[in-house]
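So that you can map any letter, position 13 of the sequence shown is 13 in full-length UniProt numbering, and since no number is skipped, the others follow by simple counting.
Even glycine gets a Cβ: it sits at the ideal position worked out from N, Cα and C.
Following: one structure in structure tokens, then a few remarks.
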Amino acid sequence: MSSKKLDREFEKAVEFMNSYHDPLPADLLLRLYAYYKKATRSEAPPGSRRAIINAFKTNALFQAGQISEKQAKKKYTKLVSTYFNEDFKAENDA
């Protein structure tokens, strides 16, 4: 997949998630958080006011490991596509 196509798919997935307002499982949100942070190369530490949430976010980042920006974008998009299958159709799954 080309970089431009991957970027478009990632942006589409991020927009979909930003517009989704129903409750979601915490483990899904934490994986999405970690992949997003890795995909955008964000170095900012977790910014929750609650220490326990920061701990979970830090653990999610640790579990994501040392993946590249490209790998993180693919994982984020695939996770959204897999979880929401009919509501979100990524071009690479069509």
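Cβ-Cβ separation, residue j to residue i (assumed contact under 8 angstroms), whole Å
i   : j   : result
A64 : A34 : 4 angstroms
R31 : A60 : 6 angstroms
V80 : M17 : 6 angstroms
Contact with chain C by residue i, beta-carbon distance below 8 angstroms
i   : result
E69 : No chain C is present in this structure, which holds just one protein chain.
Three-state class that DSSP yields for residue i in the structure shown
i   : result
E15 : helix
L79 : helix
I53 : helix
D22 : coil
N85 : coil
K4  : helix
Q66 : coil
Neighbourhood of residue i by C-beta, 7 angstroms cutoff - its chain only, sequence neighbours within 5 removed
i   : result
N54 : P46 and S48
Residue environment, residue i, which counts as buried when at least 16 other CB atoms sit within 10 Å
i   : result
F10 : buried
Y36 : buried
6 angstroms CB neighbourhood of residue i in its chain, flanking five on each side removed
i  : result
K6 : Sequence inspection shows Leu at residue 6; the Lys mentioned does not correspond to that position. The answer, listed in chain order, is K73.
8 angstroms CB neighbourhood of residue i in its chain, flanking five on each side removed
i   : result
S3  : K70
L28 : L79 and Y83
Distance CB(residue i)-CB(residue j) smaller than 8 angstroms
i   : j   : result
A13 : T77 : yes
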